[in-house]
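Novice: Going by the numbering used here, the sequence shown opens with residue 1424, and the numbers climb by one from there. Glycine included, each C-beta is placed from N, C-alpha and C at the ideal position.
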Amino acid sequence: MTTSLTIASPRPEPDEPAPALNGSVNKVSKEEVLEILNDKDTRFSTTPDGVMQYAEFMHLAGTIKQKPAVWSDMFIAAMKGRNGS
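(1) Please report the Cβ distance between SER1495 and LYS1488, rounded to the nearest whole angstrom; I am assuming they are in contact, meaning their Cβ atoms lie under 8 Å.
(2) Given a cut-off of 7 Å on the beta-carbon distance, is the pair ALA1478 and LYS1490 in contact?
(3) Straight-line CA distance for VAL1451 to THR1465?
(4) Since MET1475 is in the alpha helix (DSSP H), which residue starts that stretch and which ends it?
So, in structure tokens, the structure goes:
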């Protein structure tokens, strides 16, 4: 017996925030969400970007004792081939 599971949901219209935002405890207006999503400086990626800057800050602040040598030290091995930072 073979079972497959497909999870799909209709893609919302560009001017409609995702349904998950409707029940959010954060009361962010639709206009604010659209402004963030449409901002030219907003990027979405599955590759971490800028985590070494954050790790450096955490190290200087004493939050972490040992600073990672490279960004991929903080993630699973499958991420090592990506161009993160």
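Specialist: So, to answer that:
(1) With 8 Å as the limit, SER1495 and LYS1488 do not qualify as a contact, their Cβ atoms being about 19 Å apart.
(2) yes
(3) Spanning the two alpha carbons is a distance of roughly 17 Å.
(4) 1474-1484
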